[in-house]
Structures are given as C-alpha cells and as structure tokens.
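Peer 1:
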Amino acid sequence: MPSDTPVLARWLIGKTLVRETAQGRTAGTIVETEAYVPGDAAAHAFIGRTARNNSLFLPRGHAYVYFIYGMHFSLNVAGERAGVGGGALIRALEPVEGIALMQARRGTQRLTDLARGPGRVAEAMAIDRALDGVDLCVRASGLWLADAVRPVGDVGTSVRIGISKEAERLLRFYERGNPHVSGTRRLRM
DNA sequence: AGTGCGATTGACT
DNA sequence: GTCAATCGCACTA
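First residue of the first sequence: 2, per the numbering used here; consecutive thereafter.
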C-alpha cells in the first residue's frame, strides 16, 4: 500500500503557511519538512490511533498539533487517506509576512531564529492545541496552506532529525542553501 | 496510581 | 559540546 506522505512532505517545500489571529496575520515559506509514514516506528501513529495522535488519521490536509517536552508544540500536515495515519512535520519557515508579530511572539529580532525548528514554528505562528484537527485547506481555520510566493530552489533530502528509531530513512526535505533551515551544516547543504 | 520519556530549545561550560 | 526545563501520554500494575 503506497504512502502519499513523502510526496506531500516534498511538495510542501516552498508553499506558504498562513496564520490569522486577532493580533494580525503571519505567514512563512515552508523550507523544511519530515515525513512520518505508515509502518514507521518513529511515527507517532505507529502505536495505533489514540486520543493524542487522532488527527494524524484524518484525511490528508488536516493539522496534527502535538505537545512535547512539556513546553513545545509542533505542527504536522496529515498525509494519508482517512484512518491510515501519517503526516509531514513542518520543521522550518522563512518568515514572509507579519515579521514584527513573529519577533514579538518569539522574543527575538533575528530572522533566522523566528521559525527555524518545529517548536519555533509553532511559537512564531501561535500554533497550539486549539488548531489540532483543523483543515489546512480552509482559511476559516485560522491556519492554512497557500501557494508559493516566490520561485522554489533545489530541494535536498536527508535523514530525519531528533529521532533514534528508523533514523536511516531519507524522509527529510529542505530547500538547499536556505538559512532558515535547521540542522547542522551537513544537513543544510 | 505511579513511572518513564519524548518528532526541542535555550542557557551554560 | 553538555544539560536542565516541564508535562501529557502510554504503559504497567
């Protein structure tokens, strides 16, 4: 049974993630993702459907927001058919709109510190549990995916970051040479 | 009811 | 480079 999630994860590179709140609008170009696929021991869906990972089993295009390490939220885009379980983790954005608001949320001015890393993406975009399960193809969700706002560069592939199981899988995708991508030098080139 | 730990980050040596 | 912070969840009993 083929999985669509790696295709989605690669497709997301260059697309725009937009967040609308009472504070204003923030948006960024997605520059780094990771795919977590069915049968993947590193995936949150691997243990089966639970209250926590339920949104990963929604149809492709829904948000799965999880809380980790007692302090960070992370955003995934569900990537499979309903009931299958898989998603693309949004690991980094290049800020595009609402930069002052992102700076205020993050408590830093430096552009490359605003959304480089999944926890930072969530903080800069004010993403929390309230957005778990929303449809990212609907603007009324307050968080949605939009077309690219600029040409997209070469997309590189690498091993995933921060996991121990199935670490050898080449399921991380990123825009080559972009300074807003996380990881070590080797994983950014 | 208790336990162990995670798809991370930021502060510090 | 190393390490603490901090909490919800899955698992054991």
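Positions of the beta carbon are idealized from the N, C-alpha and C atoms, including for glycine.
Taking the beta strand (DSSP E) that Ala-79 belongs to, which residues open and close that run?
Peer 2: 73-79 is the span of the beta strand (DSSP E), which, as asked, contains Ala-79.
Peer 1: Going along the chain, which residues of its own chain have a beta-carbon closer than 6 Å to the beta-carbon of Gly-157, five neighbours each way excluded?
Peer 2: These residues qualify, in order along the chain: Tyr-175 and Arg-177.
Peer 1: So, at 6 Å on beta carbons, what are the nonlocal neighbours of Gly-15 in its own chain, with the 5 sequence-adjacent residues on each side left out?
Peer 2: So the qualifying residues of the chain are Ala-149 and Val-153.
Peer 1: Compare the C-alpha of Thr-27 against each of Leu-59, Ile-48, Leu-90 and Val-97 and name the closest.
Peer 2: The residue with the shortest Cα to Cα distance from Thr-27 is Val-97.
Peer 1: Is Val-153 helix, strand or coil when you go by DSSP?
Peer 2: The answer is coil: DSSP assigns Val-153 none of H, G, I, E or B.
Peer 1: What do you reckon, are the CB atoms on Ala-10 and Thr-34 nearer than 9 Å?
Peer 2: A contact, by the Cβ cut-off of 9 Å.
Peer 1: Note down the Cα distance separating Arg-151 from Leu-18, rounded to an integer number of angstroms.
Peer 2: If I take the Cα positions, the gap works out to 13 Å.
Peer 1: Measuring alpha carbon to alpha carbon, tell me which residue in Leu-112, Tyr-67 and His-45 is nearest Leu-132.
Peer 2: Comparing Cα positions, the closest option is Tyr-67.
Peer 1: Are there three or more Cβ pairs, one per stretch, closer than 8 Å when the segment 162-174 is compared with the segment 36-48?
Peer 2: Flag = yes, the segment 162-174 and the segment 36-48 touch.
Peer 1: Tell me the rounded alpha-carbon separation between Ile-164 and Arg-187.
Peer 2: Approximately 17 Å between the Cα atoms of the pair.
Peer 1: In whole angstroms, give me the CA-to-CA distance for Gly-62 and Gly-88.
Peer 2: Those two C-alpha atoms are separated by around 9 Å.
Peer 1: In this structure, how does DSSP classify Glu-176 when only helix, strand and coil are distinguished?
Peer 2: Three-state DSSP puts Glu-176 in a strand.
Peer 1: Are the Cβ atoms of Gly-80 and Asp-129 separated by less than 9 Å?
Peer 2: Cβ atoms of Gly-80 and Asp-129: not closer than 9 Å.
Peer 1: To which residues does DSSP link Gly-29 through a beta bridge?
Peer 2: Its beta-bridge partners are Leu-18 and Pro-96.
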